[in-house]
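One line per chain: the protein sequences are G and L, in this order.
Sequential numbering of the first sequence, starting at 7, is according to my numbering.
Sequential numbering of the second sequence, starting at 7, is according to my numbering.
Glycine included, every Cβ here is placed at the ideal spot set by N, Cα and C.
Please read all numbers here as calculations on a predicted model, not as lab measurements.
Contents: one structure, followed by commentary.
There are 2 protein chains.
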Amino acid sequence: MTKSQDKHVLYVKEELAQNNQRATSYDVARAAGVSQSAVSRCFKPGASVSEKMRKRVQEVATVLGYQPNAIARSLITRRSNMVAVVINNDTNLYYPELLVELSRDFNERGVHMLLFTLEHESDVANILDQVWQYQVDGVILAAQLSDTQLSFLGQRDIPFVYYNRTSDSIPCSSVQCDHFEGERLLVDKLIAAKRKRFCIITGPSDSSVSATRMQGALKRLHELDISDVQIIEGDYSYHSGQESLISMIDELDWQPDAVICANDIMALGCIDAARNHFKFKVPKQISIVGFDGAVPASWQAYQLTTVTQPLELMAQAAVDILMQRIEDPSLPPEKRSFSGVFSPGNTL
Amino acid sequence: MTKSQDKHVLYVKEELAQNNQRATSYDVARAAGVSQSAVSRCFKPGASVSEKMRKRVQEVATVLGYQPNAIARSLITRRSNMVAVVINNDTNLYYPELLVELSRDFNERGVHMLLFTLEHESDVANILDQVWQYQVDGVILAAQLSDTQLSFLGQRDIPFVYYNRTSDSIPCSSVQCDHFEGERLLVDKLIAAKRKRFCIITGPSDSSVSATRMQGALKRLHELDISDVQIIEGDYSYHSGQESLISMIDELDWQPDAVICANDIMALGCIDAARNHFKFKVPKQISIVGFDGAVPASWQAYQLTTVTQPLELMAQAAVDILMQRIEDPSLPPEKRSFSGVFSPGNTL
DNA sequence: ATTCTAGATGCATTCGAATTCATATAGCAA
DNA sequence: TTGCTATATGAATTCGAATGCATCTAGAAT
Chain G
7 MTKSQDKHVL YVKEELAQNN QRATSYDVAR AAGVSQSAVS RCFKPGASVS EKMRKRVQEV
67 ATVLGYQPNA IARSLITRRS NMVAVVINND TNLYYPELLV ELSRDFNERG VHMLLFTLEH
127 ESDVANILDQ VWQYQVDGVI LAAQLSDTQL SFLGQRDIPF VYYNRTSDSI PCSSVQCDHF
187 EGERLLVDKL IAAKRKRFCI ITGPSDSSVS ATRMQGALKR LHELDISDVQ IIEGDYSYHS
247 GQESLISMID ELDWQPDAVI CANDIMALGC IDAARNHFKF KVPKQISIVG FDGAVPASWQ
307 AYQLTTVTQP LELMAQAAVD ILMQRIEDPS LPPEKRSFSG VFSPGNTL
Chain L
7 MTKSQDKHVL YVKEELAQNN QRATSYDVAR AAGVSQSAVS RCFKPGASVS EKMRKRVQEV
67 ATVLGYQPNA IARSLITRRS NMVAVVINND TNLYYPELLV ELSRDFNERG VHMLLFTLEH
127 ESDVANILDQ VWQYQVDGVI LAAQLSDTQL SFLGQRDIPF VYYNRTSDSI PCSSVQCDHF
187 EGERLLVDKL IAAKRKRFCI ITGPSDSSVS ATRMQGALKR LHELDISDVQ IIEGDYSYHS
247 GQESLISMID ELDWQPDAVI CANDIMALGC IDAARNHFKF KVPKQISIVG FDGAVPASWQ
307 AYQLTTVTQP LELMAQAAVD ILMQRIEDPS LPPEKRSFSG VFSPGNTL
């Protein structure tokens, strides 16, 4: 770089600073004495640029602190490299871990996550509009949507993957843990432990995950000719786990020796209620099982018997499926299902 | 709407469908027989548009499924309405709740969150580049940055707020829980409970939060002429809470009657180790305190004595400060500090 | 020396909405 | 009817990078 060139670069830099402006590809071009297209190409791997040019431009870009404007790029390439992740704002301690996993996997592919958390069911429509406006390349749905809402995405050809949910009526890609199978397994284990009086604490009534899990458990119980099962509705929270067990015994007057909870967190509440409120020995007097493999479930105070969702695999699968469909939108929907992993614990 | 107009709209719709294209403001303009500027104005509240025009355009927009392209809008307005949220991928169960809070507060203001999770310290530089490229309006930093990295944001005039951290050398806005004060309080409570032999389980050595908390505790202990304090380094995880207590007693041969943990999750591990490994009565034989107010800390099995961070307030403050600085970048940095709330629990 | 080719470069256009400025229209007063 | 205003509308430009196309250059082949 000659001295006069150097000066020119600094002059441009000064000018930008004065006007408090970001460097654009034009600025770099001007400062380096080349065309804007050249600058653009220098930032595109595999483009036809000479070594000399690339070096020169990179030098100037560094001095000016230039980085391509992703927004402008998105506009012309019609690719935002952003995906939306929509999660229910459950009391579900499980999602956070999911977010971290997804974030890792997406970042590896240079994709960024726009996060949407749902407060109320009614926010969905609003959020779908936002998703659409922001031109995201795809969507991960870890929230409950109506078929109408799903079809919104379908009609607009936004690739999406349902996480731990599916729709029977609308074709869609999904990644799931086999809730049904997992619950069957748990029931079998409870039976093997000679449990006789079963009860179930479900999740909120609009949760399809809870519904599937409970169907799995019930089906197996019926197969085994156990039909006298008490069912009570929880809301996935620790507190509702406690309360449900208490009202089950105190109000419904049903004394179970096996409690099947729709998720781990409720199971933990249930354990505490059993131990503290009723002074039961767990699992001697009462068995309690959950579902998820939430982190606190394995803590010594609990050591919950549960089925663990293979979170990493599931997140990766979701990202895989989504990215494939972004690359080639003509791909048909794909569903992947993973078996949960039995975690023996100490409450059975 | 006359029939011929109607037909024209449907024709445009058909055309878009054929080419598999999204409707743009031009399409709407064409279909409605007005100018593009008119369409644009119809979507801007308070713009000068006649009622008739607004109605007509809205009708057509609905039929064509038109929503303004946020990317294109960002380009021209120089406002992306996106903020970056950078969090450490700690074992810290506390962040998830923060995310939900932030998401709620930002969404209320029509701002969207681009989520970045840090695996390694070394990712920071990379992530800052991304943040810059995506033209975010501001950044929430819930991760540790070096002063050099901080100054990157400063130099580029990106408004940002440090969450639960500050820099002494670089002026910056921040929201904090008063860790120092909180720890003093806990120490005083431990003293009031007649505790004599103290030990501390810190967080990872590069965590400034942990450093501040431990300084607060130590300072108070020294003021009270207690200088014989055993310190051991943990990593914020449940497991490290367990291990630290065990190695403290078994290896360092130091038998404490008070354990100060840098966060709640370690304290929970510590409680379990005390109860199960050592058969201690908590708090009879040993007091254990944490910091954060993590959800599981209040579960019956633990009922940890701790100081709870006012999460909602802090998140709101962070959003407030950030948005103010986005509206008016000339505002000087502002630091807000909140006192933690003592949660008595049952382990002291 | 001449022709051909591959690679390098620049020009001009494009993506989609916002906005400035100029113009047109309706409404009202004189 | 004329003139004036206030409001509505459209034309043209802008944001910043990517890219198809045309042009140019250097080196190889003849």
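query, result
"Could you pull out every unbroken alpha helix (DSSP H) segment of at least 4 residues lying fully inside the region 261-287 of chain G, listed in chain order?", "270-278"
"Could you work out which residues of chain L lie near G/P6, taking near to mean beta carbons separated by less than 8 Å?", "One cannot answer for residue 6 of chain G here, as it falls past the ends of chain G, which runs 7 to 354."
"Cβ of L/S109 less than 8 Å from any chain G Cβ?", "yes"
"Is any beta-carbon of chain L found at less than 8 Å from that of G/A307?", "yes"
"Report yes or no: do three or more beta-carbon pairs, one from the region 203-215 of chain G and one from the region 174-181 of chain G, lie closer than 8 Å?", "no"
"Evaluate contact between the region 110-121 of chain G and the region 320-333 of chain G, counting only Cβ atoms and requiring at least three cross-stretch pairs below 8 Å.", "yes"
"For L/F158, tell me which candidate among L/L319, L/P177, L/L134, L/V145 has the shortest Cα-Cα distance.", "L/L134"
"Taking 8 Å as the CB-CB limit, is G/L227 close to chain L?", "no"
"Would G/V66 pass as an interface residue toward chain L - the criterion being a Cβ-Cβ separation below 8 Å?", "no"
"Report all residues from its chain with a CB closer than 8 Å to the CB of G/D163; omit the five preceding and five following residues, and keep chain order.", "P335"
"Could you tell me the distance, in whole angstroms, from the CA atom of G/M7 to the CA atom of G/K61?", "Bear in mind that the predicted position of G/M7 carries a pLDDT of just 45, short of 50, making it too unreliable to give a figure here."
"Return the chain-ordered ranges of every alpha helix (DSSP H) run that is complete within the region 324-349 of chain L and spans a minimum of 4 residues.", "none"
"What's the gap between the Cα of L/D361 and the Cα of G/G275?", "Missing from the structure shown is residue 361 of chain L; chain L here goes from 7 to 354 and no further."
"Give a yes or no on whether 8 Å exceeds the smallest Cβ distance from G/M7 to chain L.", "Residue placement at G/M7 is poorly supported in this model, since its pLDDT is 45, which falls under 50; the coordinates still yield a value, given next. False, the Cβ-Cβ gap to chain L never drops below 8 Å."
"Does the distance from the C-beta atom of G/L156 to that of G/V92 stay below 8 Å?", "no"
"What separation, rounded to the nearest whole angstrom, lies between the Cα atoms of L/Q161 and L/I176?", "11 Å"
"Answer with yes or no whether the minimum CB distance from L/L159 to chain G is below 8 Å.", "no"
"Suppose contacts are defined by Cβ-Cβ distances below 8 Å. Is L/D33 in contact with L/V18 by that definition?", "yes"
"Buried or exposed, going by whether 16 or more other CB atoms sit within 10 Å of the CB of L/Q141?", "buried"
"Would DSSP call L/T123 helix, strand or coil?", "strand"
"Per DSSP, what are the beta-bridge partners of G/L147 in this structure?", "G/V92, G/Y168"
"Would you report the Cα separation of L/L22 and L/A38, rounded to the nearest angstrom?", "15 Å"
"The alpha helix (DSSP H) spanning G/E239 covers which residue range?", "Note, G/E239: premise wrong, no alpha helix (DSSP H); beta strand (DSSP E) at 236-239."
"In terms of residues, what are the limits of the alpha helix (DSSP H) holding L/Q42?", "42-48"
"For L/T311, which residues does DSSP report across the bridge?", "L/V295"
"Looking at chain L, is there any beta carbon in it that lies within less than 8 Å of the beta carbon of G/Q150?", "no"
"If we count the other Cβ atoms within 10 Å of its Cβ and call it buried at 16 or more, is G/E257 buried or exposed?", "exposed"
"Applying a beta-carbon distance threshold of less than 7 Å, which residues of chain G neighbour L/E125?", "R110"
"Roughly how many whole angstroms lie between the Cα atoms of L/L224 and L/S173?", "21 Å"
"If you draw a straight line from the alpha carbon of G/I207 to that of L/R171, how long is it in whole angstroms?", "42 Å"
"Which residue from L/P289, L/R85, L/A67 puts its Cα closest to that of L/V40?", "L/A67"
"For G/M89, which of L/I252, L/I238, L/A35, L/L121 has the nearest alpha-carbon?", "One detail in the question is off: residue 89 of chain G reads as Val in this sequence, not Met. Out of L/I252, L/I238, L/A35, L/L121, L/L121 has the C-alpha closest to the C-alpha of G/V89."
"Who are G/C205's beta bridge partners in DSSP?", "G/Q236, G/V265"
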